[in-house]
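Visitor:
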Amino acid sequence: MAQTVSFTAMKDGTREDYELLERLEKPFLALTADRVLDELRRAGEVTLEGYKITRLHHGLQSGTRALREGADIDWVVGALLHDVGDGLAPQNHDRMSAEVIRPFVRWEVSWVVEHHGIFQTLYYGHHYGWDRNARDRYRDHPLFDTCANFCERWDQSSFDPDYPTEPLETFEPMVREVFGRKAYDPGVIREGEVTGLPPL
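full-length UniProt numbering puts the first residue of the sequence shown at 1, with every later residue one more than the last.
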């Protein structure tokens, strides 16, 4: 019989209850990378409406561009997963995607993923009557140029069905390494530190 807690309201839980939950949660946490990879595979079954490629192909192409430019593992995984939230949260996929990676990558990578949506409007916002320069509200942020470069080099350019893109298997070990890190490790997060994208 499965072990369960004694409470029906969290406020009534005992130390033993919460120690049990912590122990039982460990295998689930250990499978985070598997769930992320499964979500990417599901994205391969959905062609972006009106686009020439699938959501998976867009992520793979972004990750491939980052990899080929010599980006480190945090940037490669960030580029690969920058739209991973699109399937469940298309209206705020940038923030959802950032929350998926935030516990495991440098602060600058999660910030860029969180804000790439508004930076991307530079390329198309005017066609909808939107402010294509809405990103300028972040003009004084230390990651403004990094996010602009991320979008220019790895996001907006990654809708090409003919680009020689690496398969998911290339990135799987990197995803497993990143999601195998201790969550919110200050040595990984490095809050406030800006290294930027690799130079071209």
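Using N, Cα and C, we set each Cβ at its ideal position, and we do this for glycine too. Fair warning: this is a prediction, and the values are worked out from it, not measured in the lab.
By how many angstroms is the C-alpha of M1 removed from the C-alpha of G87?
Guide: 36 Å
Visitor: Evaluate L24 with the Cβ neighbour count: other Cβ atoms within 10 Å of its Cβ, from every protein chain shown; 16 or more gives buried, anything less gives exposed.
Guide: exposed
Visitor: Going by the DSSP bridge assignment, what does residue 203 pair with across the sheet?
Guide: There is no way to answer for residue 203, as the model of the chain reaches only from 1 to 200.
Visitor: By Cβ distance below 6 Å, which residues in the same chain neighbour R106 in space, the five residues on each side in sequence not counted?
Guide: D74 and R190
Visitor: Using only alpha-carbon positions, find the residue among V36, G70, G63 and C151 that is nearest to I101.
Guide: V36
Visitor: Under 8 Å, do residue 202 and V112 count as touching if we go by C-beta distance?
Guide: Any property of residue 202 remains undetermined from this structure, which presents the chain solely from 1 to 200.
Visitor: Is it true that the CB of R181 sits closer than 8 Å to the CB of V188?
Guide: Yes, the pair counts as a contact, with Cβ atoms nearer than the cut-off.
Visitor: Could you check the C-alpha separation between D34 and P27 for me, to the nearest Å?
Guide: 12 Å
Visitor: Since I believe G63 is in contact with residue 203 (beta carbons under 8 Å), could you give me their beta-carbon distance rounded to a whole number of angstroms?
Guide: Examination of residue 203 is not possible in this model, given that the chain is present from 1 through 200 alone.
Visitor: Should M96 be labelled buried (16 or more other beta-carbon atoms within 10 Å of its own) or exposed?
Guide: It counts as buried.
Visitor: Beta-carbon within less than 6 Å of A89's beta-carbon, same chain only, minus the 5 sequence neighbours each way: which residues are those?
Guide: M96
Visitor: Does DSSP classify T121 as helix, strand or coil?
Guide: helix
Visitor: Could you tell me the alpha carbon to alpha carbon distance between H141 and D155, rounded to whole angstroms?
Guide: 20 Å
Visitor: Can you give me the C-alpha to C-alpha distance between A183 and W130, rounded to a whole angstrom?
Guide: 37 Å
Visitor: Give me the Cα-Cα distance between A30 and Y128, rounded to the nearest whole angstrom.
Guide: In a straight line, the C-alpha of A30 is about 43 Å away from that of Y128.
Visitor: Within 10 angstroms of the Cβ of R15, are there 16 or more other Cβ atoms? Answer buried if so, exposed if not.
Guide: exposed
Visitor: For G13 and E99, I'd like the C-alpha separation in whole angstroms.
Guide: 28 Å
Visitor: Out of T47, R41 and Q3, point me to the one whose CA is closest to P161's CA.
Guide: T47
Visitor: For the alpha helix (DSSP H) that contains residue 287, what are its first and last residues?
Guide: Because the chain in this structure spans residues 1 to 200, residue 287 falls outside the shown range and cannot be described.
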